[in-house]
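First comes the structure, then the notes that go with it.
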Ligand SMILES: Nc1ncnc2c1ncn2[C@@H]1O[C@H](COP(=O)(O)OP(=O)(O)OP(=O)(O)O)[C@@H](O)[C@H]1O
Ligand SMILES: [Mg+2]
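In the working numbering, the protein residues as written are 5 to 243.
Have a look at this one:
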């Protein structure tokens with residue numbers, strides 16, 4: 005495989021000036037509240053134009069917009085300071101992953117990245133589906149972003165299978181890879197190399213998988229070749 009020169013723009017925020025988490029929390033709660041109201045209007049408006057779905061050219065954009073708005077609403081509900089515990093339920097990760105990939109279809113297309121998905125199981129897991137969404141949306145977005153600037157084929161492959169009594173989800177990309185020197189930093193809050201990244205994505209992903217699903221997140225990466233994230237989540241015992 006040919007070596008690529010990855011275009012990495014390093015912008016790691018250090019915690020030399022500690023952030024006041026209480027102020028940050030209050031500020032975020034205000035933003036969540038301010039977004040919730042217009043989002044309800046968007047959902048109602050989309051409901052009103054639902055019958056236009058019969059027109060083939062706009063069927064897909066309307067249904068994508070509705071799916072995204074519903075997802076945003078459930079993220080806001082879970083993030084709400086008024087809700088103490090995330091709702092836990094049984095769900096099929098295959099279905100959930102399909103929806104997330106669908107939401108990223110346009111983003112990937114814009115960046116010329118080919119995303120493929122294969123699943124060999126429809127077993128269920130238990131946890132908050134919204135936390136699952138947030139964790140995997142970030143992993144998939146990161147994988148697509150990692151392909152930016154590379155000259156060879158840009159691919160992201162998502163696979164769902166069963167390993168022993170666990171669900172194994174892998175997200176592999178042919179992107180820039182993560183340099184050895186910073187591999188220990190990527191789960192640290194606020195570590196980012198993206199001009200507009202918050203650097204919170206992987207910290208939240210790890211916490212969501214470990215706390216909400218009793219799972220694990222590991223990865224291997226080679227600079228100039230790509231990265232594979234592996235997530236293991238216990239499967240529900242079938243009755
Ligand atoms: N698949 C990947 N390939 C290469 N680098 C990665 C990959 N995933 C994560 N990284 C690196 O880890 C950093 C931290 O990722 P993280 O998801 O926490 O934050 P972010 O993507 O920069 O910002 P945000 O998720 O808030 O939009 C990224 O900026 C990037 O440098
Ligand atoms: Mg991210």
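Glycine included, C-beta positions come from ideal geometry on N, C-alpha and C.
According to DSSP, residue pairing for residue 131 in a beta bridge involves 93. When rounded, the separation of the alpha-carbon atoms in residue 141 and residue 79 is 12 Å. Two segments are said to touch when three or more pairs of C-beta atoms, one from each, lie closer than 8 Å; by this definition the stretch 112-121 does not touch the stretch 185-205. Straight-line measurement puts the Cα of residue 132 at about 24 Å from the Cα of residue 46.
A check of alpha carbon separations from residue 160 across 125, 198, 108 identifies 108 as the nearest. Judged by beta-carbon spacing, residue 77 lies beyond the 7 Å limit of residue 240, meaning their Cβ atoms are not closer than that value. When secondary structure is reduced to three states using DSSP, residue 195 falls in the coil class, being assigned neither helix nor strand.
In the same chain as residue 124, and ignoring 5 residues on each side of it, the C-beta atoms closer than 6 Å to its own belong to 165, in chain order. With 16 or more neighbouring CB atoms inside 10 Å of its own CB, residue 97 falls in the buried class.
Looking at the DSSP output, residue 161 bridges to 120, 176. Assignment of residue 60 by DSSP, reduced to helix, strand and coil, places it in the helix class.
By the CB criterion at 7 Å, residue 175 and residue 139 fall outside the cutoff. According to the DSSP assignment, residue 230 belongs to the beta strand (DSSP E) that extends over 230-238. Each residue's CA atom was taken as its position, placing residue 213 and residue 221 some 7 Å apart. Assignment of beta-bridge partners to residue 167 by DSSP yields 170. For residue 53, the shortest separation between its Cβ and any heavy atom of ligand 1 does not lie below 6 Å. Counting only residues of its own chain and dropping the five nearest sequence neighbours on each side, residue 91 has a CB closer than 7 Å to the CB of 132. By the criterion of a C-beta distance shorter than 6 Å, residue 193 is surrounded in its chain by 204, 207, once the five residues flanking it on both sides are discounted. For residue 224, the enclosing beta strand (DSSP E) covers residues 220-226. Within its own chain, the residues whose Cβ lies closer than 7 Å to the Cβ of residue 169, once the five positions on either side in sequence are excluded, are 238, 239, listed in chain order.
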